[in-house]
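First comes the structure, then the notes that go with it.
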Amino acid sequence: MKKSNKEFYTAQELADKLSLNVMTIYRYIDRGTLKAYKIGKEFRIEKDEFEKFLNKAKIK
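So for the sequence shown, my numbering puts the first residue at 42; every next one is plus one.
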């Protein structure tokens, strides 16, 4: 079995990185704007998914 080297963030970590309230991150997850995995009671967001989210949010 291949080991995964994927990096994950918590919702709080992303909120801190983006200077947003953590509830805003949860709203993005709930709406499907930001893909996340629920592990136990915590959401985890893959680094790749976070980068896709940022690229979509860029002003054109």
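Ideal Cβ placement from N, Cα and C applies to all residues, glycine included.
Please state if the CB of residue j and the CB of residue i are separated by a distance shorter than 7 Å.
i   : j   : result
Y50 : I80 : no
E92 : K76 : no
K88 : E48 : yes
With burial defined as no fewer than 16 other Cβ atoms inside 10 Å of the residue's Cβ, what is the status of residue i: buried or exposed?
i   : result
L95 : exposed
M42 : Caution applies to M42, whose pLDDT of 48 falls short of 50 and renders its modelled position unreliable; the value that the coordinates give is listed next. Flag for M42 reads exposed.
Considering only the alpha carbon of each residue, which of the options lies closest to residue i?
i   : options          : result
A98 : F84, Y69 and V63 : Y69
T65 : A52, K82 and K76 : A52
Task: Complete runs of the beta strand (DSSP E) confined to the region 55 to 94 [at least 3 residues] - done: 78 to 80 and 83 to 87
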